[in-house]
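Protein sequence lines, in the order shown, are assigned to chains X and E.
At the far end of the first sequence sits residue 462, using this note's numbering, and the numbering has no gaps.
At the far end of the second sequence sits residue 462, using this note's numbering, and the numbering has no gaps.
Below is one structure; the comments refer to it alone.
There are 2 protein chains.
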Amino acid sequence: MSRMPRVSDMKGRLTDSAMELIWHNSYGATSVDAICERAGAKKGSFYYFFKSKSELAAAALEADWGKKKVQMDEIFSPTVSPLKRLDRYFDFVHDRLAEMQKKCGSILGCPLLSVGSEVSTQDQMVREAIDRIIDHKVNYFISAVRDAAAQGLIEAADPDAKARALFACYQGTLAQARIQNDVELLREFKTVAQEVLGVKRARARAV
Amino acid sequence: MSRMPRVSDMKGRLTDSAMELIWHNSYGATSVDAICERAGAKKGSFYYFFKSKSELAAAALEADWGKKKVQMDEIFSPTVSPLKRLDRYFDFVHDRLAEMQKKCGSILGCPLLSVGSEVSTQDQMVREAIDRIIDHKVNYFISAVRDAAAQGLIEAADPDAKARALFACYQGTLAQARIQNDVELLREFKTVAQEVLGVKRARARAV
DNA sequence: GAGTAAGTTGACCGACTGGTCAACTACCTT
DNA sequence: AAGGTAGTTGACCAGTCGGTCAACTTACTC
């Protein structure tokens, strides 16, 4: 009879704590000590589970993505009309960031972008984790844009390229909101999205 | 007769060195020692000119903006047709970043965004410097978009809002290029810009 | 040359950093 | 209770970090 291993929740506490700190502050400004303190861990436990700070950050981003994927699957369900998927997503993110602002005083934008920009030239493990996650996230946009094009809701010679452009636009807007600490910038994004997508005017109201 | 003060170029060497390092790496990963080494300075000189690392970073970003302003004034000269101003700018940035990639192996994107994202929740001096610079840069976009609308080249209920959206989209694309280390993302931006702007089709070729 | 102020230096500081590791504890099965 | 392993701890490490400061040097004017 094989042994039943102990179940510790420490790994999750560490990734959650790391995620909160690197999103709120920055990767560089987040120390292993601070992560441990927040997680109620000692440093030795940290290094039992993760080889390095970098490995933890990558794991934290991926664990966070795992949680967000569930929400995105729901928001982008193919049972929802394509343009409405995007609208729901923008509203969802806006509400989440506004809520977080109440708690911590700042608009945090997207961690993939802030942490990605910060470490991309120096830490390939974290950069690659972020790249993988971005690839997944872009796919939601791509499927929505493809469906919208197939349904004749938008003009798109190349739906995939358009989806990627829209995603980049959204990331830029999220970054601006973080830098300026102004959530209102996000409220206006739906209009921008319609322009990027080339939403057909007669049908626009059908979103 | 008042004394003629000595002229030292140290301040400029420090801001230049700091700019290079925080753009290439990150603010947090750039140490005062590294900046001094790069500038050929000793730490005491650093602190003779700047009260803190933060003050130097703000000064470095502003000095860099001073240099870039000259280039942007030329590229966005009102003697150039508005949509062509934007095209020239996108080409200029693309070429600059591609050149820098050859030297340092990375696409560096825009320092305002990478450093801004990194420090905005923690360092108000640097964040405010970045905000000021962004405000200036957006004005080039605003004037181009206003002129384009006035000339009937684009559709714009609110040219200012459209210019801001275009700027944010460009920043997002620059950030993606940095994270993915792929300059080709920038080449495609002109198409996105035309869509965001609602460039009128019959006139698009006149850009 | 003398005087002065701008600029530079080297040595220093306390705190912090990411990481190491032997010893210990807790949990599970037998 | 014993055994074994997963997990935890506390103490430690060398190096780095942003910053300080007295002493010195240099450049300029008179």
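We put the beta carbon where it would ideally sit given N, CA and C, even for glycine.
In this structure H391 of chain E is exposed. Its beta-carbon is surrounded by fewer than 16 other beta-carbon atoms within 10 angstroms. Listed in chain order, the non-local C-beta contacts of P366 of chain X below 8 Å within the same chain comprise M274, I277, W278, L316 and D319, local neighbours out to five positions each way being set aside.
The alpha-carbon of I290 of chain E is positioned some 46 Å away from that of V400 of chain X.
Non-local C-beta neighbours of P337 of chain X in its own chain, meaning closer than 6 Å and more than five positions away in sequence, comprise A399, D402 and A403, ordered along the chain. Your pair G283 of chain E and G360 of chain X does not check out as a contact, with CB atoms roughly 20 Å apart and the cut at 8 Å.
If you compare the alpha carbons of E:F304, E:K324, E:K417 and E:V370 with that of E450 of chain E, the shortest gap goes to E:K417. Chain X has a Cβ within less than 9 Å of the Cβ of R433 of chain E.
Closest option to R442 of chain E, judged by alpha-carbon separation, among E:T428, E:V454, E:K455 and E:L452: E:T428. Fewer than three beta-carbon pairs drawn from the stretch 346-359 of chain E and the stretch 260-271 of chain E are found closer than 8 Å, and the two stretches are therefore not classed as touching.
Taking a C-beta distance under 9 Å as the contact criterion, V374 of chain E and R382 of chain E qualify as a contact pair. Minimum Cα-Cα distance from L269 of chain X among the listed residues X:K323, X:A423 and X:R293 corresponds to X:R293. Considered as a whole, the stretch 291-322 of chain E harbours 298-304 as its complete alpha helix (DSSP H) runs of no fewer than 4 residues, in chain order. Taking a Cβ-Cβ cut-off of 9 Å, I388 of chain E has no neighbours in chain X, whose nearest Cβ is about 11 Å from it. The Cβ atoms of S281 of chain E and T376 of chain X sit closer than 9 Å to each other. Restricting attention to X:V348, X:V438 and X:D413, the CA atom closest to the CA of G453 of chain X is found in X:D413.
The C-alpha of Y302 of chain E lies about 20 Å from the C-alpha of Q379 of chain E. Note on geometry: alpha-carbon atoms of L311 of chain X and V287 of chain X lie some 10 Å from one another. Put simply, of X:K322, X:K339 and X:F305 the residue whose alpha carbon is nearest the alpha carbon of I409 of chain X is X:K339. Here the C-alpha atom of G364 of chain X lies approximately 9 Å from the C-alpha atom of I434 of chain X.
For I290 of chain E, no Cβ of chain X is located within less than 9 Å of the residue's own Cβ.
If you look at Q426 of chain E, you'll find it in the alpha helix (DSSP H) that goes P414 to Q435. Under DSSP, I362 of chain X shares a beta bridge with no residue. Secondary structure of V447 of chain X (DSSP, three-state): helix.
Straight-line measurement puts the Cα of S309 of chain E at about 30 Å from the Cα of D437 of chain E. Using a CB distance cut-off of 9 Å, Q406 of chain E does not count as an interface residue toward chain X. Residue range M265 to H279 is occupied by the alpha helix (DSSP H) that includes G267 of chain E. By the Cβ-count criterion, S372 of chain X is buried, with 16 or more other Cβ atoms from all chains shown falling within 10 Å of its own Cβ.
Between I330 of chain E and F347 of chain E, the beta carbon gap of about 6 Å places them in contact (Cβ cut-off 8 Å).
Under the three-state reduction of DSSP output, V454 of chain X falls in the strand class. Cβ proximity to chain E below 8 Å picks out H279, N280, S281, Y282, G283 and A284 from the stretch 274-289 of chain X. In chain X, no part has a C-beta under 7 Å from the C-beta of I409 of chain E; the shortest such distance is about 10 Å. A check of alpha carbon separations from L440 of chain E across X:V325, X:T446 and X:C424 identifies X:C424 as the nearest.
Residue pairing by DSSP places I409 of chain E opposite E:V454 in a beta bridge. Cβ contact annotation for K445 of chain X (same chain, cutoff 7 Å, sequence separation greater than five): D342 and F345, in chain order. Residues of chain E with a Cβ closer than 7 Å to the Cβ of L368 of chain X are, in chain order, S372 and A430.
No Cβ of chain E is located within less than 9 Å of the beta carbon of S272 of chain X.
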